[in-house]
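Asks: UniProt numbering numbers the first residue of the sequence shown as 1 and each following residue consecutively. Don't be surprised by glycine CBs; every beta carbon is placed ideally from N, CA and C.
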Amino acid sequence: MEFENHMKGVYRDLDTAAECDIRLFWKLVKKQKKRTSRTYPEIHGDDGANFKDPEGVAEAFAMYYEKIYTPSEDDTFDEHFRQFIESKYRHIEEECTKVSGNIPGGPITTDDLSPLVNNLKRRKFPGPDRITYEHIIFGGKKFRSKGNQLKEGSIWTLGDTPVPCSDSCTHLGIIINSKCSLSERIKSACRKGRNSFYALTDIGSPYLNPLTLASLYKSVVLPSVLYGCELWNNSTAADCQRLQVFQHSLCKSAQNLPSRTRSDMCESLLNILPISTEIDTRKLLFFGRLCRMSYQTLPKQIFLVRLFSYFEGLGKSQCGFIPDVSNLMNTYDLLTYLYQWVESFLSIQTILEKHFFSEHDPSNFWRAPKNCYEIRLWKLICKLVTDRPQRSLNVCHLCGAPFFNLAAHVACSCAITLGTRNNWWTDIINNFTIHLSAELCALPDDDLLLILLGRQPNTELDAYATETFRIKNFKLIQDTSAQYNQLMRRHHDVTNRVN
């Protein structure tokens, strides 16, 4: 009880000191720390010596463990067994020195040892045989090149002719690096395409039409960049990102847009596909040409051997064009047609035309030209949105009211279109909330026109109500414009007859 009261007083002093005097606080904290003892335990050695200092204690432990791990011959040691083991060891050593040929099982090759070595456990410490397996698996002499000279100074020869070593070579117009790295090829392709693009932009005026630059990009720059892309495989995310950044930067430069502009929007404005989609298209086209080749040609035979080896599981570790195209067709849901082509040896083009295009309905976007009514309505809305209001005051020939904006006057205030507008107000009042009607009544003609053209009102509407409201607005604009245009034609005809 007394100890608890003492600790409560200590904690109370700490709280007070923490608020008033920080130095007193730390002094009280240090008082409560447990002090470490400077006394060392006393150890008695086997020889009767006593050790109290740290050095003596450490020395006593060292002598103790040395005595434990030092072998000693006494009555319990089997001298006969030791002599037997030593005799067997000497016999094996003498027999091994006499053997000059192969062992009974034949010579041991690296092909026999490689699977065994690769199955060893990759550890930093040795196993029971005192061998560190990781050194055996990953050890050995490495053959690397740096710059133009090999580290080992090796000289390659073809017969008696030395073969010079180079960092890169050109094969069929493709620069292949000594590292056989796809990243280096993509870097070189992007560098080449960037130089070609800026060389083309210097030919004409700095105010060259962006669509012209887009046409030059698709016909000159892009084929040079993607030359041989059909054989690109095992590309990393960094490689894809580098290609996308290359195309995005050129699209923004062609349109003089800021660097922070959305990249997908820049490509859409120029009608340019994403570069990853362009690569996939070229790979599929190349695959289709291989499938349509004659079976007597050597490339077609090599292609079929690799394709069947991949499907039969003979090339599980196969990498390259075949696995890449297989994954690509799986992405676009075309792998079923490839299996059908392999089984029946039919043309892949015939299968695609017969099954793929007949089973998939076209998008609604491609059906738009069939609906002329919607096209005319879209055309009218686009004209009204992009039309600039007149700065000078005009007078309506039909109702005599002055106006600045013809579209706002026809749809919102002209007396000739009052009947159509009253029908629209009746639909709004009967089908929507009173809040929407009150908001529309308080708007001036210019703001009401923006609502009719598709701007969202402040009144909250659900998805169905919003769609219905927009349809009624578009119908009002169409009906009032048609009525006003028809009456204006009659007015001009009458005026011409009078004159």
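1) Under 8 Å: do the segment 267-275 and the segment 248-259 share three or more Cβ pairs, one atom per stretch?
2) Can you name, in chain order, every residue of its own chain whose Cβ lies under 6 Å from the Cβ of residue 306, other than the five neighbours on each side?
3) Tell me the residue span of the beta strand (DSSP E) that contains residue 170.
4) Can you pull the DSSP bridge partners for residue 50?
5) Just to check my reading of the structure: residue 492 and residue 398 have Cβ atoms closer than 8 Å, yes? What is that Cβ distance to the nearest angstrom?
6) List the whole-angstrom C-beta distance separating residue 283 from residue 242, where the pair is believed to meet the contact cut-off of C-beta under 8 Å.
7) Could you spell out the range, first to last residue, of the beta strand (DSSP E) harbouring residue 162?
8) Among residues of its own chain, excluding the 5 on either side of residue 479, which ones have a beta-carbon nearer than 6 Å to its beta-carbon?
9) Based on the DSSP output, what are the partners of residue 174 in its beta bridges?
10) Residue 442: buried (16+ other C-beta within 10 angstroms of its C-beta) or exposed?
11) Is residue 425 helix, strand or coil by DSSP?
12) Per DSSP, what kind of secondary structure is residue 118 in: helix, strand or coil?
13) Quick check: the segment 207-217 against the segment 177-184, are at least 3 beta-carbon pairs closer than 8 Å?
14) Are at least three pairs of beta-carbons, each pair with one atom in the segment 40-49 and one in the segment 17-29, less than 8 Å apart?
15) Hey, would you say residue 448 sits closer than 9 Å to residue 412, going by beta carbons?
16) Give me the Cβ distance between residue 483 and residue 417, rounded to the nearest whole Å; I'm assuming they're in contact under 8 Å.
17) For the ligand NAP, is there any heavy atom lying closer than 8 Å to the beta carbon of residue 58?
18) Express the C-alpha separation of residue 119 and residue 111 in angstroms, rounding to a whole number.
19) With DSSP run on the structure shown, which of helix, strand or coil describes residue 402?
20) Can you tell me which of the three DSSP states residue 341 falls into?
21) For my contact list, residue 273 and residue 197 are in at a C-beta cut-off of 8 Å; report their separation, rounded to the angstrom.
22) Would you tell me roughly how many angstroms separate the C-alpha atoms of residue 158 and residue 165, rounded to the nearest one?
23) Since residue 300 contacts residue 294 with CB under 8 Å, what's their CB separation in whole angstroms?
24) Got a sec, what are the start and stop residues for the beta strand (DSSP E) residue 70 sits in?
25) The alpha helix (DSSP H) spanning residue 269 covers which residue range?
26) Which stretch, first to last residue, makes up the beta strand (DSSP E) that contains residue 461?
27) Helix or strand or just coil, what does DSSP make of residue 394?
28) Please name the residue, chosen from 211, 220, 265 and 263, that lies closest to residue 199 on a Cα-to-Cα basis.
29) Using a threshold of 9 Å, state whether the C-beta atoms of residue 466 and residue 431 are closer than that.
30) Can you find the residues in the same chain that come closer than 6 Å, C-beta to C-beta, to residue 230, ignoring five residues on each side of it along the sequence?
31) What residue ranges within the segment 196-233 form continuous alpha helix (DSSP H) runs of no fewer than 4 residues, ordered along the chain?
32) Report the rounded CA-to-CA distance for residue 422 versus residue 475, giving the unit in angstroms.
33) Can you grab the Cα-Cα spacing for the pair residue 92 / residue 63, in whole Å?
34) Buried or exposed: which applies to residue 141, given that a residue is buried once 16 or more other Cβ atoms fall within 10 Å of its Cβ?
35) Distance, Cα to Cα, residue 177 vs residue 190?
36) On the three-state DSSP scale, how would you describe residue 453?
Replies: Quick look at the numbers:
1) Of all C-beta pairs linking the segment 267-275 to the segment 248-259, three or more are shorter than 8 Å, placing the two stretches in contact.
2) The sequence position of residue 306 within the sequence shown is 306, counting from 1. Apart from sequence neighbours up to five positions away, the residues of its chain that approach residue 306 with a beta-carbon distance below 6 Å are 322, ordered along the chain.
3) Indexing the sequence shown from 1 puts residue 170 at position 170. Note, residue 170: beta strand (DSSP E), 168-171.
4) Here residue 50 refers to the residue found at position 50 of the sequence shown. For residue 50, which the question treats as bridged, DSSP gives the partners 44.
5) Along the sequence shown, read from residue 1 onward, the residue named residue 492 stands at position 492. Along the sequence shown, read from residue 1 onward, the residue named residue 398 stands at position 398. In fact, because the Cβ distance is near 11 Å, the residues do not count as touching under 8 Å.
6) Taking the sequence shown and counting its residues from 1, one reaches residue 283 at position 283. Taking the sequence shown and counting its residues from 1, one reaches residue 242 at position 242. That belief does not hold up - the Cβ atoms of residue 283 and residue 242 are roughly 18 Å apart, past 8 Å.
7) Within the sequence shown, the letter at position 162 stands for residue 162. Run containing residue 162: 161-163, per the beta strand (DSSP E) assignment.
8) Position 479 of the sequence shown, counting from 1, holds the residue named residue 479. Answer for residue 479: 420, listed in chain order.
9) Taking the sequence shown and counting its residues from 1, one reaches residue 174 at position 174. Partner(s): 171.
10) Translated into positions along the sequence shown, residue 442 becomes position 442. Burial is judged here by how many other beta carbons sit within 10 angstroms of a residue's own beta carbon; residue 442 has fewer than 16 and is exposed.
11) Within the sequence shown, residue 425 is the residue found at index 425, counting from 1. Helix at residue 425.
12) Taking the sequence shown and counting its residues from 1, the one referred to as residue 118 is at position 118. Secondary structure at residue 118: helix, using DSSP grouped into helix, strand and coil.
13) The segment 177-184, when compared against the segment 207-217, does not touch it at the 8 Å Cβ threshold.
14) When C-beta atoms of the segment 40-49 are compared with those of the segment 17-29, fewer than three pairs fall below 8 Å, so the two segments do not count as touching.
15) Working through the sequence shown from its first residue, we reach residue 448 at position 448. Working through the sequence shown from its first residue, we reach residue 412 at position 412. In this structure, residue 448 sits near residue 412, with a CB-CB distance shorter than 9 Å.
16) Stepping through the sequence shown from its first residue, residue 483 is reached at position 483. Stepping through the sequence shown from its first residue, residue 417 is reached at position 417. With 8 Å as the limit, residue 483 and residue 417 qualify as a contact, their Cβ atoms being about 6 Å apart.
17) Looking at this structure, you won't find the ligand NAP or any other ligand, since it has none at all.
18) Within the sequence shown, residue 111 is the residue found at index 111, counting from 1. Within the sequence shown, residue 119 is the residue found at index 119, counting from 1. Straight-line Cα distance between these residues: approximately 13 Å.
19) Here residue 402 corresponds to residue number 402 of the sequence shown, with the count starting at 1. In the three-state reduction of the DSSP assignment, residue 402 falls in the strand class, which pools E and B.
20) Numbered from its first residue, the sequence shown carries residue 341 at position 341. Three-state result, residue 341: helix.
21) Here residue 273 corresponds to residue number 273 of the sequence shown, with the count starting at 1. Here residue 197 corresponds to residue number 197 of the sequence shown, with the count starting at 1. Their Cβ separation, rounded to whole angstroms, is 17 Å, which puts residue 273 and residue 197 out of contact at 8 Å.
22) In the sequence shown, counting from the first residue as 1, residue 158 sits at position 158. In the sequence shown, counting from the first residue as 1, residue 165 sits at position 165. Note on geometry: alpha-carbon atoms of residue 158 and residue 165 lie some 12 Å from one another.
23) In the sequence shown, counting from the first residue as 1, residue 300 sits at position 300. In the sequence shown, counting from the first residue as 1, residue 294 sits at position 294. In this structure residue 300 is in contact with residue 294, their Cβ atoms being roughly 6 Å apart against a cut-off of 8 Å.
24) Locating residue 70 in the sequence shown gives position 70, where the first residue counts as 1. Where residue 70 is concerned, there is no enclosing beta strand (DSSP E), given that its DSSP letter is neither H nor E.
25) Your numbering for residue 269 matches position 269 in the sequence shown. Taken as a continuous stretch (DSSP letters only), the alpha helix (DSSP H) holding residue 269 covers 263-269.
26) Residue numbering aside, residue 461 sits at position 461 when the sequence shown is read from its first letter. Boundaries for residue 461: no beta strand (DSSP E) harbours it, and the DSSP string shows neither H nor E there.
27) Along the sequence shown, one-based indexing puts residue 394 at 394. Strand at residue 394.
28) Taking the first residue of the sequence shown as position 1, residue 199 is located at position 199. Residue 199 has its Cα closest to that of 220, out of 211, 220, 265 and 263.
29) One-based indexing of the sequence shown puts residue 466 at position 466. One-based indexing of the sequence shown puts residue 431 at position 431. Not in contact: residue 466 and residue 431 (Cβ atoms no closer than 9 Å).
30) As a first step, residue 230 is located in the sequence shown; it is residue number 230 there, counting from the start. Its chain contains 282, 283 and 286 as the residues whose beta carbon lies nearer than 6 Å to that of residue 230, once the 5 sequence neighbours on both sides are disregarded; these appear in chain order.
31) Those alpha helix (DSSP H) runs which fall completely within the segment 196-233 and span 4+ residues are 210-216 and 222-225.
32) By 1-based counting over the sequence shown, the position of residue 422 is 422. By 1-based counting over the sequence shown, the position of residue 475 is 475. Cα to Cα, residue 422 sits roughly 13 Å from residue 475.
33) As a first step, residue 92 must be located in the sequence shown, where it is residue number 92. As a first step, residue 63 must be located in the sequence shown, where it is residue number 63. Whole-angstrom Cα-Cα distance: 38 Å.
34) As a working note, residue 141 is residue 141 in the sequence shown. Reliability fails at residue 141, whose pLDDT of 49 lies under 50, so the model's placement of it is uncertain and no value is given.
35) The residue given as residue 177 occupies position 177 in the sequence shown. The residue given as residue 190 occupies position 190 in the sequence shown. In a straight line, the C-alpha of residue 177 is about 15 Å away from that of residue 190.
36) Locating residue 453 in the sequence shown gives position 453, counting from the first residue. Correct three-state label for residue 453: coil.
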